[in-house]
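So the sequence shown is residues 1 to 620, counted in the numbering used here.
Backbone N, C-alpha and C fix where the C-beta goes; we use that ideal spot for every residue, glycine too.
Notes to accompany the following structure.
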Amino acid sequence: TEPTKTEPADAVMKQGNAEILKMPKENLVKDVAFVLLRKTALVLLGYIICYMNWSVILPIVTVCSLVWLETRTSRRTKRIRNKSRASSMTKEELLQLVDELPAWVMFPDRERAEWLNEIIQQIWPSINSFIIKWCRGSLQTKLRKKFESFKFEDIDFGETPPKIDGVKVYNKSSTRDSIVIDFDVFYDGDCEIKFSISGTQVGCIKNFQLGAELRIVLKPLMIKLPVIGGVQIFFLNTPDINFDLEGLSSVPGFSYLIRQKIESNIKKKLVFPNKISKRFSKTVQAAELKSLEPEGVLRVHVFEAKNLERKDVTGKSDPYVILNVGAQECRTHVIKRELNPKWDYWCEFIILDAFAQHLQFKVFDQDDLNEDDFLGSGVVEIHSVIKEGETDKWFQLDNAKRGSLHLRFTWLGLSADYSSLNAVVQELKQLKVADINTALLTVYIDSAQNLMKVKPYKKPDPYVILTVGKKQQKTSVRKHTVDPVWEQGLSLLVSNPEHDSLIISIIDKTTDIKIDHFVYPIKSLFDKPGLQISKEEFELSTSGKLIMSLQLRILTNELFDEELFSESDSDDELIRHNSTKSASSIASSKPGIVHNLRQNLNGKIYTDQLVTRVKQKLRK
């Protein structure tokens, strides 16, 4: 089992108490004898010095003894003071101190990597030069789309390199044909970046800080050289980024733009589901290396918040919530002038590793004139949804004076069994909730051939847009070619596979003209073995071919314990979320049923919301 953050402190306390209780009586006798012997030796030493008339040595021995006693007293005083401070702290304050410990101290499965830090220290000048070149190149070009005369005047990342705080290598039983390594990386260097607009220096970035968990996957393992077929590199969660802006750049609008640009660039390149892939052997299929295998889907219901802070002059706020899992982001609608908003918003996130990833949420007050005001945030450990079965919970907002957010969770597994779809699709329609998904479609775009030229004298810069309903995903751009090779895997959530279609549009980046398109009904996968196809060719509408792979997985609520639904009048308490009765009173009246309400009737699995609506319809 994966250790939680509270386990190290509890384990240390239990271990210390156990050692004291198990201490043998012989050790106690030895300690007393040692103290008596030490004091006798000191008296004997003084007697010998006086007997031998070594008066010169006596002051030296006296001074050394006083220094030793003073040091010993100081240590005791410090230890007593620390114990006193610890005893006056609350449990939450102690746990906060524990959270700030390095990962290799917090978790026994994490190891120090000082040898790796030594290597990074030596190659840091070369890495520094590469980052500077990237900033002056692609990053500066993108920023000039907003500010034409933007320029980096001076870039210095200092002499302090990033450090590896802890390393974890997953055992063979938890990974298939691969080696998975997690690195806890943080950077708190002495960087200084100066930039200008129209030749005038407008600001400077200092005290740049970054903390993230980097995952490296070596796959597949081979029986011949190079032994490892390729590598994947990505951040599991959005990195924590912080820096100070000085000068004119510290104004709210410009500061917000720079922060957003830095975060968006990192998310697009390195945060799951985005990644960097490198193939070491040509015998390895690109689809095997460049596609990720999700563990499941987390469904989140952002129901309501209460007692939020007042940010507007009217004494109210215009709150909304942003939720993130890695680079995946969902945003609720804004509720005007309300401190106790009810959004009733549903969303889903694709999860690669439930134990390593977490859900972040932030609450903001919309401001039409200035940067939106921050109302609080929080983090949800995804594995707790599975391990502890906490599907309905109030979260106290962090970094805020007051306020709490009500979230509900459902963990959905992935199934290749088509028979599990029928009941789920039909019954979820009765919930009348928009954007509820029932399946996950994974698309691997391999390549295209003989694309049409947008202009007779110039080859296009094609990229692919995948659309299912209102959801879209884009591939990277391939420059100046009519035979592009993308070798890129993407995933989309599907509301109703029986009626939805995958729309593939190939666009020219330079002119934004649609080169070609193709429509694939998702229900065509129902007759395929394992609900998937591998590297098949499809004729495009105008000319050319598209080579791609598809895989469909049904979202199943199979990880929660099933509870029989009892027929009684008290079931009237279990009404839909938009009823007049508050969710907090429902949770207090029947917490067990609210948390795990499910039923298995005629082989059909019903969610808690579904059972409630069906029972109401039957009563009518």
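Alpha carbon to alpha carbon, how far is residue j from residue i? Give it in angstroms, no decimals.
| i | j | result |
| --- | --- | --- |
| N207 | I258 | 15 Å |
| L375 | P456 | 55 Å |
| L414 | R112 | 36 Å |
| I266 | V443 | 23 Å |
| L236 | K432 | 33 Å |
| P484 | T475 | 11 Å |
| D417 | E148 | 54 Å |
| E537 | K268 | 29 Å |
| L466 | P460 | 19 Å |
| I436 | L428 | 8 Å |
| A33 | R110 | 41 Å |
| S447 | S178 | 26 Å |
| A400 | G489 | 39 Å |
| V165 | S126 | It should be pointed out that residue 165 corresponds to Asp in this sequence rather than to Val. Computed Cα separation, rounded: 21 Å. |
| L502 | G403 | 41 Å |
| I335 | N117 | 48 Å |
| N450 | S543 | 7 Å |
| V300 | S129 | 43 Å |
| I386 | L493 | 21 Å |
The alpha helix (DSSP H) that contains residue i, what's its start and end?
| i | result |
| --- | --- |
| E117 | One detail in the question is off: residue 117 reads as Asn in this sequence, not Glu. Residues 114-134. |
| I386 | 382-387 |
| L629 | The first residue shown for the chain is 1 and the last is 620, placing residue 629 beyond what the model contains. |
| L289 | 286-290 |
Is residue i buried or exposed, if buried means 16 or more other CB atoms sit within 10 Å of its CB?
| i | result |
| --- | --- |
| S420 | buried |
| H406 | buried |
| C347 | buried |
| I193 | buried |
| N340 | exposed |
| C50 | exposed |
| E213 | buried |
| T238 | buried |
| V379 | exposed |
| L369 | exposed |
| W115 | exposed |
| Q200 | One point to set straight first is that residue 200 is Thr, not Gln, in the sequence displayed. So T200 counts as exposed. |
| N422 | exposed |
| W134 | exposed |
| D154 | exposed |
| G592 | Note that G592 has pLDDT 31, beneath the 50 cutoff, so the model's placement of it is unreliable and no number is given. |
| E539 | exposed |
| F560 | Caution applies to F560, whose pLDDT of 38 falls short of 50 and renders its modelled position unreliable; the value that the coordinates give is listed next. When all chains shown are included, F560 counts as buried. |
| R176 | exposed |
| D184 | buried |
| T314 | exposed |
| F526 | exposed |
| K146 | exposed |
At which residues does the beta strand (DSSP E) containing residue i begin and terminate?
| i | result |
| --- | --- |
| V321 | 319-325 |
| A305 | 296-306 |
| A416 | Segment: none, A416 is in no beta strand (DSSP E) and carries neither H nor E. |
| Y170 | Taken as a continuous stretch (DSSP letters only), Y170 belongs to no beta strand (DSSP E), as it is neither H nor E. |
| A212 | 200-218 |
| N557 | Where N557 is concerned, there is no enclosing beta strand (DSSP E), given that its DSSP letter is neither H nor E. |
| S489 | Residue identity differs from the one stated: residue 489 is Gly in this sequence, not Ser. That run of the beta strand (DSSP E) goes 485-494. |
| G331 | Checking the sequence, you will find Arg at residue 331 rather than Gly. That run of the beta strand (DSSP E) goes 328-331. |
| E621 | Outside the shown range of the chain, which is 1 to 620, sits residue 621, and nothing can be said about it. |
With DSSP collapsed to three states, give me the class of residue i.
| i | result |
| --- | --- |
| G230 | strand |
| C64 | helix |
| V464 | strand |
| Y47 | helix |
| L225 | coil |
| G137 | helix |
| L339 | coil |
| V477 | coil |
| E111 | strand |
| E263 | helix |
| K146 | coil |
| L359 | strand |
| G166 | strand |
| N578 | The predicted model places N578 with a pLDDT of 37, which falls under 50 and marks its position as unreliable, so this point remains unresolved. |
| K268 | helix |
| S505 | strand |
Taking 8 Å as the threshold, find out whether the region 230-239 comes into contact with the region 211-220 through three or more Cβ pairs.
yes
Touching or not, the region 154-162 and the region 178-194, by the rule of three or more beta carbon pairs under 8 Å?
yes
Below 8 Å, can you find three or more Cβ-Cβ pairs linking the region 351-362 to the region 295-310?
yes
Tell me whether the region 309-321 and the region 364-371 touch, counting them as touching only if at least three CB pairs, one residue from each stretch, are closer than 8 Å.
yes
Would the region 278-287 count as touching the region 319-329 if we require 3 or more Cβ pairs under 8 Å?
no
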